[in-house]
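Asks:
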Amino acid sequence: MSLAVVQTRAQLGISAPPVSVEVHLSGGLPSMSIVGLPETGVKESRERVRSALITAGFDFPQRRITINLAPADLPKEGGRYDLAIAIGILSASGQLKGWKPTPDLEVLGELSLSGEIRSVRGVLPAAVAAGRLKRTLVVPRDNAEEAAMAEEVEVLAPVHLIELVEHLLRRRPLAPVVVSESDVGLVDMPDLAEVKGQLQARRALEVAASGGHNLLFSGPPGSGKSMLAARLPGLLPDLAARERMEVAAIASISGRDVRPACDGVRPFRAPHHTASAVALVGGGSHPRPGEISLAHQGVLFLDELPEFPRRVLEVLREPMETGEILISRAMRQTLYPARFQLVAAMNPCPCGYHGDGTDRCLCTPDQIRRYQQKISGPLLDRIDLQLHVPALPPDALLAPTQPGESSAEVRQRVVRAHERQLVRQGCMNRDLGGTVLEQVCGLDADGRVLLTRVMERYQLSARSCHRILKVARTLADLAGQSRVEAAQLLEALAFRGCVDDADAG
493 MSLAVVQTRA QLGISAPPVS VEVHLSGGLP SMSIVGLPET GVKESRERVR
543 SALITAGFDF PQRRITINLA PADLPKEGGR YDLAIAIGIL SASGQLKGWK
593 PTPDLEVLGE LSLSGEIRSV RGVLPAAVAA GRLKRTLVVP RDNAEEAAMA
643 EEVEVLAPVH LIELVEHLLR RRPLAPVVVS ESDVGLVDMP DLAEVKGQLQ
693 ARRALEVAAS GGHNLLFSGP PGSGKSMLAA RLPGLLPDLA ARERMEVAAI
743 ASISGRDVRP ACDGVRPFRA PHHTASAVAL VGGGSHPRPG EISLAHQGVL
793 FLDELPEFPR RVLEVLREPM ETGEILISRA MRQTLYPARF QLVAAMNPCP
843 CGYHGDGTDR CLCTPDQIRR YQQKISGPLL DRIDLQLHVP ALPPDALLAP
893 TQPGESSAEV RQRVVRAHER QLVRQGCMNR DLGGTVLEQV CGLDADGRVL
943 LTRVMERYQL SARSCHRILK VARTLADLAG QSRVEAAQLL EALAFRGCVD
993 DADAG
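Taking the numbering used here, the leading residue of the sequence shown gets 493, the next gets one more, and so forth.
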């Protein structure tokens, strides 16, 4: 009897739990069985591994082969275990003379029938986990650059099974993969300088970027709502090191390019209004991340907000508060991070022209009410900045573009405000809560009187009150002030649509 144990890793959300591939050869009728809660894709590896070994010139043992994927209570899916199974069979059958599997080597990859090693999803989380243990990780060549972005891990990337065997037998050692230089400076983003007018909307973008606040633009068609929203990513600070790995891990398990995240670029997702609830939050029989997780630490832009089905929008409420989404299925639960910044745009009525100062709107009051009620109160409660964006008059629209502040100039102020928040409380203002919120956003006596009067007049909830305080704190950070003063509170109330001339006076 012969036994070989090869180390690999599964995929569970954005984590990569270890899996031991135990290959046992014994007497009896030739057969090959895989145990350890394998799903269909794993069971099919029997034929892939058998054909790959024979095609590559190795002997496939005519014995009883039992393969156990431990731990047995962890579901296994996909072809990521093929390469580990093949190496285990070669080792157990004595075809790798002088080499035995060690815990310091982890193997990941799918095999083609010719023995070529094909790419798999979720390599970056596996590389990060292997790096924590100072282990060497073998991955497909197509995943090499992604894996090498993890720290403290040696990455080997053979193209074919034979290359890996030659390396293990020390005949032709593989050189460790080295990640190439970043091209993050070449990332082209829309510039705020291209926006004509809309000074209040530009100010709202700056505030939203500085504190991570949710933002809603409302206005007639063609007023520039989508154009403004597309310029928010260019104002945001780069991702921190920990955030980069989180965002890159989500991209990895989704089969997307991880380089932008590793370079510090925040994601920008803009799903169509026909997207389903599962498309937004994630799911499926094998849970995959949805749009809110793909927008983690970045921007989720929902254009034509009332056109989304209401039941789809309601699933955003919990992750907007918690910053994560738990997807539960009969066999498993998967937790994905979802700390996104919501930016939405909508028309004020079905035709879009209500309140634009013209008589173009033909919608009845009932139609307008039903259209606006497609967005529930609890969802609006979670949107910090709610701004009307008027259409530009023809003379302003056709006038030559005057050079305004660029995204780079505004971003400098945003970065300074962001740094003040991290130094003071260790998080962005949007994440403030509890006693820290009271300490950081404390008002003087006049400010408390003003806020109390506005809350009573507009019947604001406690959540709305807290979000107004957070916006006011961000405005104070932009002004370089240590305390929230009346000017910042009034501006925060104005961004909420809660201040008129009487209040301001």
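The beta-carbon is built from N, C-alpha and C at its ideal position, and this holds for glycine as well.
What number of angstroms, rounded off, separates the C-alpha of D936 from the C-alpha of I960?
Replies: What you label residue 936 is simply residue 444 of the sequence shown in a count that begins at 1. What you label residue 960 is simply residue 468 of the sequence shown in a count that begins at 1. Taking the straight line from one Cα to the other gives about 15 angstroms.
Asks: Taking L877 as the reference, which of E977, V657, L707 has the closest Cα?
Replies: For the purposes of this step, residue 877 is identified with residue 385 of the sequence shown, where counting begins at 1. For L877, the nearest C-alpha among the options comes from L707.
Asks: Taking 8 angstroms as the limit between beta carbons, can you name the residues of its chain near I654, skipping five residues before and five after?
Replies: For the purposes of this step, residue 654 is taken as residue 162 along the sequence shown, with counting starting at 1. A548, G549, G607.
Asks: Assign A836 to one of three DSSP states: helix, strand, or coil.
Replies: Position 344 of the sequence shown, counting from 1, holds the residue named residue 836. Correct three-state label for A836: strand.
Asks: Please indicate yes or no: does the CB of P617 lie closer than 8 angstroms to some heavy atom of the ligand COA?
Replies: Among the components modelled here there is no ligand, and therefore nothing to report on the ligand COA.
Asks: Quick check on E911: buried or exposed, where buried means 16 or more other Cβ atoms within 10 Å of its Cβ?
Replies: Taking the sequence shown and counting its residues from 1, the one referred to as residue 911 is at position 419. So E911 counts as exposed.
Asks: Which parts of the segment 597-624 are runs of the beta strand (DSSP E), unbroken and 3 residues or longer, counting only runs that do not cross its ends?
Replies: You should have 597-599.
Asks: Can you grab the Cα-Cα spacing for the pair R736 / A753, in whole Å?
Replies: Here residue 736 refers to the residue found at position 244 when the sequence shown is read from its first residue. Here residue 753 refers to the residue found at position 261 when the sequence shown is read from its first residue. One C-alpha to the other measures close to 5 angstroms.
Asks: Helix, strand or coil for R862 per DSSP?
Replies: On the sequence shown, position 370 is the one that residue 862 refers to. Here R862 sits in helix by DSSP.
Asks: Closest to G533 by CA distance: which of I579, V612, A584 is it?
Replies: If you number the sequence shown from 1, residue 533 lands on position 41. Looking at the Cα atoms, V612 is the closest of the given residues.
Asks: Determine the extent of the alpha helix (DSSP H) in which V534 is found, giving its start and end residues.
Replies: If you number the sequence shown from 1, residue 534 lands on position 42. First-last of the alpha helix (DSSP H) with V534: 532-535.
Asks: In terms of residues, what are the limits of the beta strand (DSSP E) holding E514?
Replies: Here residue 514 refers to the residue found at position 22 of the sequence shown. Note, E514: beta strand (DSSP E), 510-518.
Asks: In or out: C919 buried (at least 16 other Cβ within 10 Å) or exposed?
Replies: Translated into positions along the sequence shown, residue 919 becomes position 427. Answer is exposed; the Cβ neighbour count stays below 16.
Asks: Quickly, what does DSSP pair Q499 with across the bridge? List them, please.
Replies: Here residue 499 corresponds to residue number 7 of the sequence shown, with the count starting at 1. Per DSSP, S512, E598.
Asks: Are the beta-carbon atoms belonging to E637 and V599 less than 9 angstroms from one another?
Replies: One-based indexing of the sequence shown puts residue 637 at position 145. One-based indexing of the sequence shown puts residue 599 at position 107. Their beta carbons are not under 9 angstroms apart, which means E637 does not touch V599 by this criterion.
Asks: Please confirm whether V541 and A578 have their CB atoms less than 9 angstroms apart.
Replies: For the purposes of this step, residue 541 is identified with residue 49 of the sequence shown, where counting begins at 1. For the purposes of this step, residue 578 is identified with residue 86 of the sequence shown, where counting begins at 1. Yes, they are a contact pair.
Asks: Enumerate, from N- to C-terminal direction, the unbroken beta strand (DSSP E) stretches of 3 or more residues contained entirely within the segment 865-915.
Replies: The segment 865-915 contains these whole beta strand (DSSP E) runs: 877-880.
Asks: Along the chain, which unbroken stretches of the beta strand (DSSP E) at least 3 residues long are found entirely within the segment 531-600?
Replies: Segments of the beta strand (DSSP E) lying fully in the segment 531-600: 556-562, 597-599.
Asks: Roughly how many angstroms lie between the CA atoms of V657 and V527, to the nearest whole one?
Replies: Counting from one through the sequence shown, the residue named residue 657 turns up at place 165. Counting from one through the sequence shown, the residue named residue 527 turns up at place 35. So the alpha carbons of these two residues sit roughly 25 angstroms apart.
Asks: Can you tell me whether DSSP reads T856 as helix, strand or coil?
Replies: If you number the sequence shown from 1, residue 856 lands on position 364. T856: coil per DSSP, three-state reduction.
Asks: Using CA coordinates, which residue listed in R945, G520, V907 is at the minimum distance from P725?
Replies: For the purposes of this step, residue 725 is taken as the residue at position 233 of the sequence shown. Cα-wise, what sits closest to P725 is V907.
Asks: Three-state secondary structure (DSSP) at M524?
Replies: To locate residue 524, count along the sequence shown from 1; it is residue 32. Three-state result, M524: strand.
Asks: Would K568 be called buried (16 or more neighbouring beta carbons within 10 Å of its own) or exposed?
Replies: Working through the sequence shown from its first residue, we reach residue 568 at position 76. Classification of K568: buried, given that the 10 Å Cβ count is 16 or more.
Asks: Mind checking I581: buried by the 16 CB within 10 Å criterion, or exposed?
Replies: As a position in the sequence shown, residue 581 is number 89, starting the count at 1. Its Cβ being crowded by 16 or more others within 10 Å, I581 is buried.
Asks: Using the DSSP secondary-structure output, state which residues sit across from F793 in a beta bridge.
Replies: Counting from one through the sequence shown, the residue named residue 793 turns up at place 301. In DSSP, F793 forms a bridge with V835.
Asks: Can you give me the Cβ contacts of G775 inside the same chain, cut-off strictly under 6 angstroms, excluding the 5 residues immediately before and after it?
Replies: As a working mapping, residue 775 is identified with position 283 in the sequence shown. Closer than 6 angstroms at the Cβ level, and outside the excluded window around G775, lie I819.
Asks: Output needed for A564: all residues of its chain with C-beta closer than 8 angstroms, excluding positions within five of it in sequence on either side, in chain order.
Replies: Here residue 564 is taken as the residue at index 72 of the sequence shown, counted from 1. Only V527, G528, L529 meet the Cβ criterion.
Asks: Use the C-beta contact count for E643: other C-beta atoms within 10 angstroms, 16 or more gives buried, fewer gives exposed.
Replies: In the sequence shown, residue 643 corresponds to position 151, counting from 1. Classification for E643: exposed.
Asks: Within 10 Å of its beta-carbon, does H764 have 16 or more other beta-carbons around it, so buried, or fewer, so exposed?
Replies: Stepping through the sequence shown from its first residue, residue 764 is reached at position 272. With fewer than 16 other Cβ atoms within 10 Å, it is exposed.
Asks: Do you know offhand how far V881's Cα is from K717's?
Replies: On the sequence shown, position 389 is the one that residue 881 refers to. On the sequence shown, position 225 is the one that residue 717 refers to. Straight-line Cα distance between these residues: approximately 7 angstroms.
Asks: According to DSSP, is F760 part of a helix, a strand, or is it coil?
Replies: Taking the first residue of the sequence shown as position 1, residue 760 is located at position 268. Of the three classes helix, strand and coil, the one that applies to F760 here is strand, per DSSP.
Asks: Go ahead and label L678 buried or exposed: buried means 16 or more other beta carbons lie within 10 angstroms of its beta carbon, across all protein chains shown.
Replies: Here residue 678 corresponds to residue number 186 of the sequence shown, with the count starting at 1. A caution first: L678 carries a pLDDT of 44, below 50, which makes its placement in the model unreliable, though a value can still be read off. The residue is exposed, with fewer than 16 neighbouring Cβ atoms inside 10 Å.
Asks: Can you find the residues in the same chain that come closer than 8 angstroms, C-beta to C-beta, to L660, ignoring five residues on each side of it along the sequence?
Replies: Locating residue 660 in the sequence shown gives position 168, counting from the first residue. Counting only Cβ-Cβ distances below 8 angstroms, and skipping sequence neighbours, we find I579, L588, W591.
Asks: In whole angstroms, give me the CA-to-CA distance for V497 and A584.
Replies: Working through the sequence shown from its first residue, we reach residue 497 at position 5. Working through the sequence shown from its first residue, we reach residue 584 at position 92. Those two C-alpha atoms are separated by around 9 angstroms.
Asks: Below 7 angstroms CB to CB, which residues in the same chain sit around R916 once its five sequence neighbours on both sides are set aside?
Replies: Here the question's residue 916 lines up with position 424 in the sequence shown. The residues are V932.
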